[in-house]
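So the sequences go chain by chain: H and C. One gets the working numbering by counting positions in the first sequence from 1 and adding 100 to each. One gets the working numbering by counting positions in the second sequence from 1 and adding 218 to each. Remarks on the structure that follows.
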Amino acid sequence: GQQVMQIPQYQHVQEGEDFTTYCNSSTTLSNIQWYKQRPGGHPVFLIQLVKSGEVKKQKRLTFQFGEAKKNSSLHITATQTTDVGTYFCAGPTSGTYKYIFGTGTRLKVLA
Amino acid sequence: DVKVTQSSRYLVKRTGEKVFLECVQDMDHENMFWYRQDPGLGLRLIYFSYDVKMKEKGDIPEGYSVSREKKERFSLILESASTNQTSMYLCASSYGTGGSYEQYFGPGTRLTVT
């Protein structure tokens with residue numbers, strides 16, 4: 101069946117360092133979503149990418165959708181302690197309303 | 219703001235009990251979802267509903283059932299709770315029949331089955 105894999109599973113960075121998480125799907129996606137879950141919280145939607153090769157920025161966060169629409173990345177420039185949490189990507193199952201979530205990347209930022 | 223509420227933040231039940239988890243959303247969303255979240259496994263879809271009285275199985279429906287009698291309410295039922303159903307349960311809702319809309323999550327219910 102369709103799978104969405106995320107790497108790395110964990111990442112510890114010093115405050116001010118950059119961070120990147122990668123998301124890979126076994127099938128082509130019509131769109132991809134990214135969510136952030138703070139410790140003890142629930143996932144919160146960050147962004148949705150739809151077009152092949154699309155790049156979107158939110159302040160220090162840069163999201164990219166691959167040309168083949170099978171992979172995506174989230175890059176954070178100059179991490180801050182407020183970036184701590186788990187970042188999930190999610191892609192829709194073809195022809196349905198179901199989204200498959202990646203396993204997530206847990207980011208820890210050391211001050 | 220969209221609000222998704224879940225009936226309990228923490229719940230402790232005994233093996234074999236019937237458990238009801240309730241979820242209510244206030245934004246007239248068509249789609250509603252139940253996930254469970256376990257360390258290292260991410261969010262796994264149990265069931266979802268795209269309309270009142272409509273439901274479809276997700277990836278891990280075994281041992282669960284759902285009910286959607288009203289558009290704003292989606293219930294998850296554990297017919298006979300087992301210890302391997304100890305988990306964090308998250309409800310979510312979204313607009314649209316296309317499924318290409320952001321999901322809004324509730325705060326979650328941490329269920330412990332002893």
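Ideal Cβ placement from N, Cα and C applies to all residues, glycine included. Just so you know, these numbers come straight off a predicted model, no measurement behind them.
What three-state label does DSSP hand residue i in the structure shown?
i              : result
residue 302(C) : helix
residue 182(H) : helix
residue 317(C) : Reliability fails at residue 317(C), whose pLDDT of 49 lies under 50, so the model's placement of it is uncertain and no value is given.
residue 190(H) : strand
residue 105(H) : strand
residue 247(C) : coil
residue 295(C) : strand
residue 271(C) : coil
residue 256(C) : strand
residue 235(C) : coil
residue 330(C) : strand
Whose Cβ in chain H lies nearer than 8 Å to the Cβ of residue i?
i              : result
residue 259(C) : 203
Going along chain A in order, which residues have a C-beta closer than 9 Å to the C-beta of residue i?
i              : result
residue 198(H) : In the displayed structure, chain A is absent; the protein chains listed are H and C.
What residues from chain H crowd round residue i, counting only those whose CB sits closer than 7 Å?
i              : result
residue 320(C) : 133, 145 and 148
Identify the continuous beta strand (DSSP E) that holds residue i and give its terminal residues.
i              : result
residue 121(H) : 119 to 125
residue 222(C) : 222 to 224
residue 199(H) : 199 to 201
residue 287(C) : 282 to 288
Taking residue i as the query, report the chain C residues whose CB atoms sit under 9 Å from its CB, ordered along the chain.
i              : result
residue 188(H) : 260 and 261
Which residues of chain C have a Cβ atom closer than 7 Å to the Cβ of residue i, listed in chain order?
i              : result
residue 142(H) : 308, 323, 324, 325 and 326
Continuous alpha helix (DSSP H) assignments of at least 4 residues falling wholly in the segment 128 to 184 of chain H: none
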